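Notes follow the structure.
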Amino acid sequence: MVYLIGAGPGDVGLLTLRACELLRAADVVIYDRLADDAILNFCADAKKIYVGKEAGRHTLKQSEINRLLVEEARQNKIVVRLKGGDPFVFGRGGEEAIYLRENNLPFEIVPGVTSAIAVPAYAGIPVTHRGIATSFAVITGHEDPSKPESTIHWDKLATAVDTLIFLMGVANLPQIVNKLIEHGRKSDTPAALIRWGTKNSQEVFVTTLAEVPHATISPPAIFIVGEVVNLREQLKWFETRPLFGKKILVTRARAQASKLSHALKNLGAEVVECPTIKIAAPSDNFKALDAAIDILRGFDRLIFTSANGVEKFFERLKIHGLDTRALGGVKIAAIGSATAEKLSSVGIIADIVPKDFVAESLAESLKNLVAGEKILLARAEIARDVLPDMLKNFGAEVVVVPAYQTLNESPAQIDFDALDLVTFTSSSTVKNFVASYGVDVLKKIPSAAIGTITAKTLENFGVTPAVVAEKFTIDGLVDAIKNFYGGTDNETD
Numbered sequence: 000m001v002y003l004i005g006a007g008p009g010d011v012g013l014l015t016l017r018a019c020e021l022l023r024a025a026d027v028v029i030y031d032r033l034a035d036d037a038i039l040n041f042c043a044d045a046k047k048i049y050v051g052k053e054a055g056r057h058t059l060k061q062s063e064i065n066r067l068l069v070e071e072a073r074q075n076k077i078v079v080r081l082k083g084g085d086p087f088v089f090g091r092g093g094e095e096a097i098y099l100r101e102n103n104l105p106f107e108i109v110p111g112v113t114s115a116i117a118v119p120a121y122a123g124i125p126v127t128h129r130g131i132a133t134s135f136a137v138i139t140g141h142e143d144p145s146k147p148e149s150t151i152h153w154d155k156l157a158t159a160v161d162t163l164i165f166l167m168g169v170a171n172l173p174q175i176v177n178k179l180i181e182h183g184r185k186s187d188t189p190a191a192l193i194r195w196g197t198k199n200s201q202e203v204f205v206t207t208l209a210e211v212p213h214a215t216i217s218p219p220a221i222f223i224v225g226e227v228v229n230l231r232e233q234l235k236w237f238e239t240r241p242l243f244g245k246k247i248l249v250t251r252a253r254a255q256a257s258k259l260s261h262a263l264k265n266l267g268a269e270v271v272e273c274p275t276i277k278i279a280a281p282s283d284n285f286k287a288l289d290a291a292i293d294i295l296r297g298f299d300r301l302i303f304t305s306a307n308g309v310e311k312f313f314e315r316l317k318i319h320g321l322d323t324r325a326l327g328g329v330k331i332a333a334i335g336s337a338t339a340e341k342l343s344s345v346g347i348i349a350d351i352v353p354k355d356f357v358a359e360s361l362a363e364s365l366k367n368l369v370a371g372e373k374i375l376l377a378r379a380e381i382a383r384d385v386l387p388d389m390l391k392n393f394g395a396e397v398v399v400v401p402a403y404q405t406l407n408e409s410p411a412q413i414d415f416d417a418l419d420l421v422t423f424t425s426s427s428t429v430k431n432f433v434a435s436y437g438v439d440v441l442k443k444i445p446s447a448a449i450g451t452i453t454a455k456t457l458e459n460f461g462v463t464p465a466v467v468a469e470k471f472t473i474d475g476l477v478d479a480i481k482n483f484y485g486g487t488d489n490e491t492d
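In numbering that gives the first Met the number 0, the protein residues as written are 0 to 492.
Structure below.
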């Protein structure tokens, strides 16, 4: 089976649900040059074959791509043909589908969001608008309008349609403009060039039809002509987001990076995920934790200092054939709101959550409550001893068991010169980042710390963080970053 799938205009969030489903199921993905290679993350286990075409350089001829589709499909594979935009909008999807049919192979067309509409929308330019434009046309700009065999009817097109949208036309802008003016389009008609539309690097150049050839712009870009361009001043939204144009590195563990990454992306940032840590079983392979679970009823209180600790504890509880009922009358304390939220997801409401999400604050919250208690502290294998030490001083018996450990992730190739900010969500992310990339990098790029403890770790390496969240949560970190960049003018006109 072959699926001809449109990947959309660039923003990975515009990929359709059907496309995501099929990419995850694919055995082979044959893909074009994509505006966002993050789309390929949906098909991590598939064989990937690049067949993209760029100006003057084709990886494979179209006939060879057709044959490749047939060869892969005949091996009883689920084959995805991934194309930018929509397969039937200048994507040659029709040609590929016909070739599949001629070879008696089944196919499905999965439409994609076309850049012809999406890119103007991200620039705040509607292709139609009541009282201004009731028609639009999408035209290839890749055809040379001066050649005799041109199939574009310039004499009819120039004035018959309100909004004209040219795709792949940067190299031919002078010829396109000349043809439109020659056939009656007014030279002062509003026009716009939109480069890397729907991407964080989107650039919008508003001008007039006659002045377009003087613009300095390189592909990929679309060219739009019509009175609707004047609506941009009222409708622009994408570039006005507080973090638009900022490239931010997220160092959180891969499994946990999504919340921070999504929040930053929603504010306009381009996010580069570079996990410096990964969560793994403790070095004793849960021996101490399992032993503690066997005598769980013997504890008066259970304390969690991270969402990871909660996750691993309840995973082991389930392996023992137990659920939350095993906690009985055991009191529960959480170091902060994120840990409390994780507890809530398994049906536990924490009895104690301190105002400040640090070990010292948690210990102070328990100061007058724990004398004579036996306390189980399930946490990272390597952590500060301040909490158990303070609890012991308050008269408690404390059993500390490792629920997980953090290990170094393999270093990735990162263009640090292109970054505006590096985020850190724990001391371990700082330490492992320095171990992988050195401290000099952090002296050149502003850094953001989730709280005072993480900030102190940075300072121990001689780095003063530019941003320190007042509320020690992901939401607090995002708010602090947004405030740090507050008032930035990102307009590109």
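Quick reminder that beta carbons are idealized off the backbone N, C-alpha and C, glycines included.
All values reported here derive from a predicted model rather than from experimental measurement.
**Message:** For the beta strand (DSSP E) containing GLN61, name the first residue and the last one.
**Reply:** GLN61 -> not in any beta strand (DSSP E); alpha helix (DSSP H) instead, spanning 61–72.
**Message:** With the cut-off set at 7 angstroms, would you say SER117 and PRO219 are in Cβ contact?
**Reply:** At residue 117 the sequence reads Ala, which differs from the Ser that was named. Their beta carbons are not under 7 angstroms apart, which means ALA117 does not touch PRO219 by this criterion.
**Asked** Run through DSSP, which three-state label would LYS245 get?
**Response** Coil, per DSSP.
**Request:** Could you name the residues of the same chain whose beta carbon sits closer than 7 angstroms to that of THR197, not counting the 5 residues immediately before and after it, in chain order?
**Result:** For THR197, same chain residues with a beta-carbon under 7 angstroms away, outside a window of 5 residues either side, are PRO8, GLY9, ASP10, LEU13, ALA117, VAL118, TYR121 in chain order.
**Item:** Local conformation of GLN174 per DSSP, three classes
**Value:** Here DSSP, grouped into helix, strand and coil, assigns GLN174 to helix.
**Request:** Would you mind working out which of ILE452, GLY83, LYS245 sits nearest GLY385, comparing C-alpha positions?
**Result:** Checking the sequence, you will find Val at residue 385 rather than Gly. It is ILE452 whose Cα lies nearest to the Cα of VAL385.
**Residue from THR323, ILE302, LEU418, LEU266 whose Cα sits closest to the Cα of ASN482** = For the residues THR323, ILE302, LEU418, LEU266, the minimum Cα distance to ASN482 belongs to LEU266.
**Item:** Contact under 7 angstroms by Cβ, GLY84 with LEU3
**Value:** For the pair GLY84 and LEU3, the CB atoms are not nearer than the 7 angstroms cut-off.
**Among VAL399, LYS470, ALA24, LEU59, the one whose alpha carbon lies nearest that of ALA291** = Its Cα nearest to that of ALA291, the residue VAL399 stands out among VAL399, LYS470, ALA24, LEU59.
**Message:** Let me make sure I understand the geometry here. Which of ILE131, LYS46, ASP283 has the alpha-carbon closest to that of ARG80?
**Reply:** Checking every option, the nearest Cα to that of ARG80 belongs to LYS46.
**Request:** Report buried or exposed for LEU16, applying the criterion of at least 16 other Cβ atoms within 10 angstroms of its Cβ.
**Result:** Classification for LEU16: exposed.
**Request:** Count the other C-beta atoms from every protein chain shown that fall within 10 angstroms of the C-beta of LEU22, then say buried if there are 16 or more, exposed otherwise.
**Result:** Counting the other Cβ atoms within 10 Å of the Cβ of LEU22 gives 16 or more, which makes it buried.
**Prompt:** To which residues of the same chain is LEU301 closer than 6 angstroms at the C-beta, ignoring the five residues directly before and after it?
**Reply:** Taking C-beta separations shorter than 6 angstroms and ignoring five residues to either side along the sequence, the partners of LEU301 in its chain run VAL329, ILE331, LEU375, following chain order.
**Request:** Apply the 10 Å Cβ neighbour rule to ASN367 and answer buried if 16 or more other Cβ atoms are within range, or exposed otherwise.
**Result:** Counting Cβ neighbours within 10 Å, ASN367 comes out exposed, since fewer than 16 surround it.
**Prompt:** In terms of alpha-carbon separation, which member of SER200, HIS182, ALA157 lies closest to ALA34?
**Reply:** The shortest Cα separation from ALA34 among SER200, HIS182, ALA157 belongs to SER200.
**Request:** Taking only the alpha-carbon atoms, compute the straight-line gap between GLU372 and PHE356 and give it to the nearest angstrom.
**Result:** PHE356 has its alpha-carbon roughly 22 angstroms from the corresponding atom of GLU372.
**Request:** Give every residue of the same chain whose Cβ lies closer than 6 angstroms to the Cβ of ASP299, excluding the five residues on either side of it in the sequence, and list them in chain order.
**Result:** Cβ within range, chain order: GLU372, LYS373.
**Asked** Can the beta-carbon of ALA454 be found closer than 7 angstroms to that of PRO464?
**Response** A contact, by the Cβ cut-off of 7 angstroms.
**Prompt:** Apart from the five residues just before and just after LEU71, which ones in its own chain have a Cβ nearer than 6 angstroms to its Cβ?
**Reply:** Per the sequence shown, the amino acid found at residue 71 is Glu instead of Leu. Correct list, in chain order: VAL27, VAL78.
**Prompt:** What residue ranges within the segment 113–188 form continuous beta strand (DSSP E) runs of no fewer than 3 residues, ordered along the chain?
**Reply:** Counting whole runs of 3 or more residues, the segment 113–188 contains the beta strand (DSSP E) stretches 135–139, 162–166.
**Request:** Give the straight-line distance between the Cα atoms of ALA377 and ASP293, rounded to the nearest whole angstrom.
**Result:** Rounded to whole angstroms, ALA377 to ASP293 spans 14 angstroms at the Cα level.
**Request:** Report the rounded CA-to-CA distance for ILE276 versus ALA6, giving the unit in angstroms.
**Result:** Those two C-alpha atoms are separated by around 31 angstroms.
**Request:** Please work out which residues of its chain come closer than 6 angstroms, Cβ to Cβ, to LEU234, disregarding the five sequence neighbours upstream and downstream, and give them in chain order.
**Result:** Excluding residues up to 5 positions away in sequence, GLY123 lie with their Cβ nearer than 6 angstroms to the Cβ of LEU234 in the same chain.
**Asked** For the putative contact between ALA337 and THR215, defined by C-beta atoms under 8 angstroms, what is the C-beta separation to the nearest angstrom?
**Response** Contact doesn't hold; Cβ gap of about 47 angstroms is too wide.
**Asked** Who are the near neighbours of ALA256 in its chain, counting only those whose CB is closer than 7 angstroms to its CB and skipping five residues on each side?
**Response** Closer than 7 angstroms at Cβ, skipping near neighbours: VAL249, GLU272, PRO274.
**Request:** In angstroms with no decimal places, state the Cα-to-Cα distance between VAL228 and LYS341.
**Result:** VAL228 and LYS341 have their alpha carbons spaced roughly 47 angstroms apart.
**Prompt:** Is the Cβ-Cβ distance between ALA494 and GLY394 less than 7 angstroms?
**Reply:** The first residue shown for the chain is 0 and the last is 492, placing residue 494 beyond what the model contains.
**Message:** Rounded to whole angstroms, what is the Cα-Cα separation between ALA96 and PHE135?
**Reply:** CA-CA distance, ALA96 to PHE135, rounds to 27 angstroms.
**Prompt:** Can you check whether the CB of ALA325 is closer than 7 angstroms to the CB of ALA333?
**Reply:** Going by C-beta atoms, ALA333 is not nearer than 7 angstroms to ALA325.
**Item:** Distance between PHE243 and LYS442 (C-alpha atoms, nearest Å)
**Value:** Approximately 23 angstroms, taken between the alpha carbons.
**Request:** Report all residues from its chain with a CB closer than 6 angstroms to the CB of LYS258; omit the five preceding and five following residues, and keep chain order.
**Result:** So the qualifying residues of the chain are ILE473.
**Request:** Determine the contact status of LEU390 and ALA362, defining contact as a CB-CB distance below 7 angstroms.
**Result:** Cβ atoms of LEU390 and ALA362: closer than 7 angstroms.
**Message:** Do LEU208 and THR188 count as a contact pair if the criterion is CB distance below 7 angstroms?
**Reply:** Pairing THR188 with LEU208 gives a Cβ-Cβ distance under 7 angstroms.
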